[in-house]
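Each protein sequence line maps, in turn, to chains D and G. Positions 1 to 624 (full-length UniProt numbering) are the ones given, in order, by the first sequence. Positions 1 to 624 (full-length UniProt numbering) are the ones given, in order, by the second sequence.
Protein chains: 2
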Amino acid sequence: MYTYLDKINSPADLKKLKPEQLPALAEEVRRFLLETVSTTGGHLGSNLGAVELTIALHYCFDSPQDKIVWDVGHQAYTHKILTGRRERFPTQRQYKGLSGFPKRCESEHDAFGVGHSSTSISAGLGMAVACDLEGTKNHAIAVIGDGSLTGGMAFEALNQAGHLKKNLVVVLNDNEMSISKNVGAFSSFISRKMTGRYFRDLKKEMQGLLRNIPAIGTDILHFARRAENSLKGFLTPGSLFEALGFDYLGPLDGHDLPQLVEVFNNISQLDGPLLVHVMTTKGKGYKPAEETPSKYHGVGVFDVATGKGAPKAGSKSYTDVFGETIVQLAEQDPKIVAITAAMPDGTGLNRFAERFPKRFFDVGIAEQHGMAFAAGLAADGFRPVTAIYSTFVQRAYDQVFHDICLQNLPVTIAMDRAGLVGDDGPTHHGVFDLSYLRHLPGMTLMAPKDENELRHMLKTAVYSGAPMAMRYPRGAGYGVEMDSELKSLEIGKGELLVEGNDVCIVAIGSTVYPALQAAEALKGRGISAGVINARFVKPLDANLILSAAGQTGRIVTVEENALQGGFGSAVLELLFDNGRQDVKIKRLGIPDHYVEHGSQAQLRKDLGIDAEGIAAAVEGFVKS
Amino acid sequence: MYTYLDKINSPADLKKLKPEQLPALAEEVRRFLLETVSTTGGHLGSNLGAVELTIALHYCFDSPQDKIVWDVGHQAYTHKILTGRRERFPTQRQYKGLSGFPKRCESEHDAFGVGHSSTSISAGLGMAVACDLEGTKNHAIAVIGDGSLTGGMAFEALNQAGHLKKNLVVVLNDNEMSISKNVGAFSSFISRKMTGRYFRDLKKEMQGLLRNIPAIGTDILHFARRAENSLKGFLTPGSLFEALGFDYLGPLDGHDLPQLVEVFNNISQLDGPLLVHVMTTKGKGYKPAEETPSKYHGVGVFDVATGKGAPKAGSKSYTDVFGETIVQLAEQDPKIVAITAAMPDGTGLNRFAERFPKRFFDVGIAEQHGMAFAAGLAADGFRPVTAIYSTFVQRAYDQVFHDICLQNLPVTIAMDRAGLVGDDGPTHHGVFDLSYLRHLPGMTLMAPKDENELRHMLKTAVYSGAPMAMRYPRGAGYGVEMDSELKSLEIGKGELLVEGNDVCIVAIGSTVYPALQAAEALKGRGISAGVINARFVKPLDANLILSAAGQTGRIVTVEENALQGGFGSAVLELLFDNGRQDVKIKRLGIPDHYVEHGSQAQLRKDLGIDAEGIAAAVEGFVKS
Ligand SMILES: [Mg+2]
Ligand SMILES: [Mg+2]
């Protein structure tokens, strides 16, 4: 089927091709990507954009002796295909199949596992230092997008790398956008274009300036200021990276394979830190993806010919409901402002951005800054809502502590994609938030049982006057009826949904409906199980839980979060602190290992936290 | 005593002075600082350096309408003195006295609380946006040191600020050093000096270049490359910040009050983001501090005339023992490398740096990068040890998860200053680490009972082949005898130190010795209390704890960590998961509120986790 691709099972096979055969290989890879990703879903645009770059890197460098580190990993499909995983590739992002991201345990060519942004220069620098200490001449290559450069960690790493002078090659894969449109001064600076007019103006200014250059020693600073003003428009990405200690090459056309091969072959002979600036087109070679790149960043199954995906079935997602509700609240309240970290679409804040552009802030891939920026707004009387995926709030743990909770500032942290996210796997599951936020004094932490309750919780949070975090799952809600009015919930009050005599299931967030189904199923097995929707992880509804504990003598907690230090652990603490160690407790949730990728339904089943799993666990517990 | 200072109880009083009186005020402030800090201890050097800068800011801006945000807060003493806290100033860092850092609850002039680094531009930008949305013309002013700029979060904030164009003034307080010598390419770039030769060379190159400037449209890129190469050495901090969207002013002499006042008066009339580069001298006006600034960054009580502090009494600190032990291990093993985030002295790694300069890495105030850099080294076969204060490891929580634990990479995280740190207060207490690290799958987490055990734990960690974190307290060890050989401890094994019949105290880390004292005291009260040194928080020594629980029926856990999700919570989980809810448990530790500053002894006493507190709690528990 594929003239070249079929024969490539390792970088060694790739090197057997002649340079002039590489463009044809690139076309084959692109066809293969479209054929497989259209049936599995996955990241499409960034992978189509990185085909030539990846071929050139593996053609010119020697993985695994040379270490190729992919930032985020959205763009590493070609890398997987060329490093022995072509045949398994159609299993990518499928249960027990290949991961959608580089992963050390999957291949020796995956030098470093990723999923989160802006780590590649740090890891690559570590590897470059390792090569140096070992006395080898190998290179570490960090491939990083322009969007990932907005993450401060990347800057921290550049800062040290420019100073250390090891064999680190940073490949800046610049498509002038991250997942959505790039933000920030740095990005517009990186993409600064050179035009004729620009140079004509520069020439004029410089000539005037040089005519008057002072004798050595006289008024140098004054001259410097004027020269600098004349030149400031001249500063280019190259001069910046040079100033930071890197040699700079570029910008190169990232789809021109002969040029890429020539440059990388040269580089593989060079020493010292080097930044190669490569311009690529997201979605390259597939019209629909080139035209609407943000739509084709991550895709589900779609039809290659038309570009159309399956119509979205079923209920509104939690994300949609969040996005609608914050707009609804903000219509009434000019103090509400919204903040995202490069995810206006993913968090549903795009509606807000459209409706209230002046109150909307996309900070870039910069969760740390985003939280402290929100704290600054809150300190001056605003009601900021930061919407960030649970797994990325981890990046801002210290800011949630230091800038928000410690100062008791009223910032609402809306954590989308909490719990098991499915196909993206362990880097993206948001299964620690209840554990890492619960111990911060001053924090209120909640999770809605459905999309209607989400709306009330958002209102509750925004008007609480204190730090509030709420978590809700990826995917569709239940299609429940929406209350006509938004209301503020009482802080720390759960609700008893079902009375039971034998046991009480205390559920939180996405586990409430499964718990209800379990209780229903248990009826048929002769077990009377109550169900509590806890709503709040902190503060717990002590009265409600203690009273249920007293009535039934048996509590089962269920959460889509780590069992260590999570919701169930909070219930344990509550019972013990209240001298109720007579109550029997079983905690269901995520045990002490990382959960791989797969559909949410499959993973929940595996972990025994779907309705059937809960029912079985409760039955066993009651009968034990 | 002070002609001017005695009359200043607010910025309004300051504004009554004539500009020419300000230098005399600065001298009085300096004298006052020396007199008080020499009796209380505190941060000296950075505060002496910021006297004129602070006076000029308060003289020209209108706090609290204008928002002054101090980065880290090491330099805000003059600010406190001028904003109504002069009389209380001698209580600073004392129990129930003023905080050593800006704190919102302490004064309306403390626009934002700090302690951790690199947050000021984010918070200031939030405030500038708030002013803009409110339609006021007020300014937000972020005062940030050159060291703090190495934190990636500061860059994230600059990136957005340059783009948003609000009334944010960033004052770069540049003393060419952070707490110790600055590192990284960015710092050497910021301090780039302009010399005559530099401009002569530039002139020559530019003239040649301009002669050949191409006609518009022809080979612009080729010209651009050559022009850039000629100019790259010309890039200055000013042009960089301009390129990022800031107006740039400077460098100014930070001790020239008339100039500072003139410039700040102008700035207070300007709009848009502006960076003012101010050069200051750490320790300015006090010879010993100017000459050895790192020694006078943070000081204890000292004699102003001689500069000499009280001799260090007592045993070696944990920090010293850590620093000696890692050198000892590294003598035998070239794979051991050490990483600090701008704290070579504070972490005791200065010895290592001296002995093994090539294996030592100071990454700047960049904990995130430091962890991922360590992970990169570990991925390629090295044994990295990162030494970071517990409170600052919070910054790298996501990297510990994503880059270290998820990949099971053998990085040792040595957390100094864990538990209650004393005078620095709530921003610096390291009282969450057991809670935020315990739930990460793959993590091993331990704490030594004394400085001798610390040595064995370090060896254990370095050779475990897996992610390991160890926490140890600020301050002196017990002066215990040191074992002659380092040994590897069995992972997950605690030790029974005292047998008891009535109750068993399960202690961890710094609470083990107090628990032993408590057990001794309890003997006299007729209570037989056992003591376990748990050593490991994860994995717990299940057999040991369950067996003690079985024998006595009563367990008291003691930790210098948050009770939510911490060590005691882990013991609860253990007992419950093993069906031992018959055992009575009491958990001692840090309750759900922030702990203010004060001596470690005082704070431990207040929280009931010193020997007497433990004894009293155990007695009450046994008799209940
Ligand atoms: Mg991009
Ligand atoms: Mg400094």
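Just so you know, even glycine gets a beta-carbon here, dropped at the ideal spot from N, CA and C.
Open item on the list: Can you tell me which residues form a DSSP beta bridge with Gly309 of chain G?
Closed with: G:Phe302
- [ ] Mark Leu270 of chain D as exposed unless 16 or more other C-beta atoms lie within 10 angstroms of its C-beta, in which case mark it buried.
- [x] exposed
Task: CA-to-CA distance, Arg587 of chain G to Glu495 of chain D, given in whole angstroms - done: 29 Å
- [ ] Might you give, ordered along the chain, the residues of its own chain that have their beta carbon closer than 6 Å to the beta carbon of Val304 of chain G, omitting 5 neighbours on each side?
- [x] Leu34, Ser38
Task: Sequence-distant residues of its chain with Cβ nearer than 8 Å to Ile216 of chain D (five each side left out) - done: Caution is warranted here: a pLDDT of 45 is assigned to Ile216 of chain D, below 50, making its placement in the model unreliable, and no coordinate value can be reported.
- [ ] From the DSSP output, in three-state form, read off Ala215 of chain G for me.
- [x] Only weak support exists for where Ala215 of chain G lies, its pLDDT of 48 falling under 50; the coordinates are left without a value.
TODO: Under the assumption that Ile8 of chain G contacts Leu125 of chain G (Cβ atoms under 8 Å), give the Cβ distance between them as a whole number of angstroms.
DONE: In fact, because the Cβ distance is near 30 Å, the residues do not count as touching under 8 Å.
Open item on the list: Since Ile365 of chain D and Ser117 of chain D should fall inside the 8 Å C-beta cutoff, what is the C-beta to C-beta distance between them, to a whole number of angstroms?
Closed with: 5 Å
Open item on the list: At 4 residues or longer, what runs of the alpha helix (DSSP H) sit wholly inside the region 508-589 of chain G?
Closed with: 512-523, 542-552, 567-577
TODO: Count the other C-beta atoms from every protein chain shown that fall within 10 angstroms of the C-beta of Asp433 of chain D, then say buried if there are 16 or more, exposed otherwise.
DONE: buried
- [ ] Kindly list, in the order they appear in chain D, the residues whose Cβ is closer than 9 Å to that of Ala466 of chain G.
- [x] Going along chain D, no residue has its Cβ under 9 Å from Ala466 of chain G, so there is no contact; the nearest lies around 14 Å.
Open item on the list: Less than 7 Å between C-beta atoms, sequence neighbours within five positions excluded: which residues of the same chain meet that for Ser435 of chain G?
Closed with: Asn561, Ala562, Gln564, Gly565, Gly566
Task: First and last residue of the uninterrupted alpha helix (DSSP H) at Thr292 of chain D - done: Unbroken run through Thr292 of chain D: none, as it is neither H nor E.
TODO: Would you please verify whether the beta carbon of Phe576 of chain D is less than 8 Å from any beta carbon of chain G?
DONE: yes
Task: Contained alpha helix (DSSP H) runs [length at least 4] in the region 311-339 of chain D, N- to C-terminal order - done: 318-332
- [ ] Show which residues of chain D have a CB atom less than 7 Å away from the CB atom of Arg438 of chain G.
- [x] Gln564, Gly565
Task: Continuous alpha helix (DSSP H) stretch holding Leu244 of chain G: start and end - done: Element bounds for Leu244 of chain G: n/a, residue is neither H nor E.
Open item on the list: Can you pull the chain D neighbours of Arg395 of chain G, defined as C-beta to C-beta under 7 Å?
Closed with: Asp398
Task: Beta-bridge pairing of Thr389 of chain D - partner residues as DSSP gives them - done: Before going on, a small fix: residue 389 of chain D reads as Tyr here, not Thr. Note: Tyr389 of chain D sits in a beta bridge opposite D:Asp416.
Open item on the list: Please confirm whether Ser180 of chain D has its beta-carbon closer than 8 Å to some beta-carbon of chain G.
Closed with: In this prediction, Ser180 of chain D has a pLDDT of 48, which is less than 50 and means its spatial position is unreliable; nothing more can be read from the coordinates.
Open item on the list: Rounded to whole angstroms, what is the Cα-Cα separation between Ser294 of chain G and Asp362 of chain G?
Closed with: 15 Å
TODO: May I ask you to report which of helix, strand or coil DSSP gives Thr54 of chain G?
DONE: helix
Open item on the list: DSSP three-state label for Ile505 of chain G, please.
Closed with: strand
TODO: Give a yes or no on contact between the region 10-18 of chain G and the region 528-540 of chain D, applying the rule of three or more CB pairs nearer than 8 Å.
DONE: no
Task: Met194 of chain G to Pro251 of chain G span [Cα, whole Å] - done: Note that Met194 of chain G scores a pLDDT of 46, beneath 50, so its modelled location is shaky and nothing firm can be said.
Open item on the list: Could you give the first and the last residue of the continuous alpha helix (DSSP H) run that contains Ala142 of chain D?
Closed with: Segment 140-145 is the beta strand (DSSP E) holding Ala142 of chain D; no alpha helix (DSSP H) there.
Task: Residue from D:Tyr248, D:Ala243, D:Glu354 whose Cα sits closest to the Cα of Ile267 of chain D - done: D:Tyr248
- [ ] Confirm, please, whether the CB-CB distance from Leu5 of chain G to Leu22 of chain G is below 8 Å.
- [x] no
Open item on the list: I need the straight-line Cα distance from Asp416 of chain G to Tyr472 of chain G, nearest angstrom please.
Closed with: 5 Å
- [ ] Could you tell me if Thr280 of chain G is buried or exposed, where buried requires 16 or more neighbouring beta carbons within 10 angstroms of its beta carbon?
- [x] buried
Task: Under the three-state DSSP convention, the category Met468 of chain D falls into - done: strand
- [ ] Return the residues of the region 403-430 of chain G that lie within a Cβ-Cβ distance of less than 9 Å from chain D, sorted by chain order.
- [x] Asp403, Cys405, Leu406, Gln407, Asn408, Leu409, Pro426, Thr427
- [ ] For Thr218 of chain G, collect the residues of the same chain with a Cβ closer than 7 Å to its Cβ; drop the 5 residues on either side in sequence, then sort them by chain order.
- [x] Annotation note: pLDDT 46 at Thr218 of chain G (below 50); position unreliable, no value reported.
Task: CB-CB length for Val114 of chain D against Trp70 of chain D, believed under 8 Å - done: 6 Å
Open item on the list: Here's a check: name, in chain order, each residue in its chain whose Cβ is nearer than 7 Å to the Cβ of Lys80 of chain D, leaving out the five neighbours to either side.
Closed with: Phe89, Leu98
TODO: Apply the 10 Å Cβ neighbour rule to His593 of chain D and answer buried if 16 or more other Cβ atoms are within range, or exposed otherwise.
DONE: exposed
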